[in-house]
Amino acid sequence: MNRINPLYIGFFIVVLLIILSFILHGAKNELIQVKNGYKESSRLAIELSGLKKVYTKKFIFLDAKYPSIQSKKSKNGILLSSKNLNIKELNSLMDKILNEPYNITKFEINRIDAIKTDLQLEITW
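Using my numbering, the letters of the sequence shown map in sequence onto residues 4 to 128.
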C-alpha cells in the first residue's frame, strides 16, 4: 500500500500543465501590451524628431530665400521680423507659413506705405 497510484500522478501532471498554461498566457498578454507601448512611444519619438528636422530645414530655407527677414531662434520657437518687407515677398512668405501646420503665437503686419510692410511673427513648437 505504499505505492502511489499512477492515475494520481497523471492527474497531477495535467493540472500542473493547465496552471502553467494560464500563467504563460497571462505573461504573453503582458508582453504584447509592453511591446505595443514601446512601438507607440518609438513611433512618436521618430515622428517628433522628424518634425523638428523638417521645421529647422524649412526655417533655414526661409532665411536663404528672404534676406530682408531677420530670424531669432530659441529652444521653444522662432521669431521672424522685418522692418521693410516688399508686398510680393510678404505674399510668398505667407503662402509658405500659413499652408503649414505651425503653432503661431504672435502675428502682426503693419503697412508702411503702398508697397512696404512691417512684419512680426512668432512661431513656437
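Every residue gets a Cβ at the ideal spot worked out from N, C-alpha and C, and that includes glycine.
Exposure of residue i, with buried meaning 16 or more beta-carbon neighbours within 10 Å
{"i": "residue 93", "result": "buried"}
{"i": "residue 10", "result": "exposed"}
{"i": "residue 34", "result": "exposed"}
{"i": "residue 101", "result": "exposed"}
{"i": "residue 88", "result": "buried"}
Own chain partners of residue i with C-beta closer than 7 Å, once the 5 adjacent residues on each side are dropped
{"i": "residue 105", "result": "126"}
{"i": "residue 113", "result": "120 and 121"}
Contacting residues, own chain, Cβ-Cβ under 8 Å from residue i (five flanking each side not counted)
{"i": "residue 110", "result": "123, 124 and 125"}
Beta-bridge partners of residue i, as assigned by DSSP
{"i": "residue 121", "result": "113"}
{"i": "residue 106", "result": "127"}
Sequence-distant residues of the same chain with beta carbon closer than 6 Å to residue i, five excluded per side
{"i": "residue 90", "result": "118"}
| field | Meets three-Cβ-pair contact criterion under 8 Å: the segment 28–48 and the segment 94–112 | value | no
| request: Count the C-beta pairs between the segment 71–86 and the segment 111–128 that are closer than 8 Å, then say yes if the count reaches three, no if not. | output: yes
| task | Enumerate, from N- to C-terminal direction, the unbroken alpha helix (DSSP H) stretches of 4 or more residues contained entirely within the segment 13–100. | result | For the segment 13–100, not a single whole alpha helix (DSSP H) run of length 4 or above is found.
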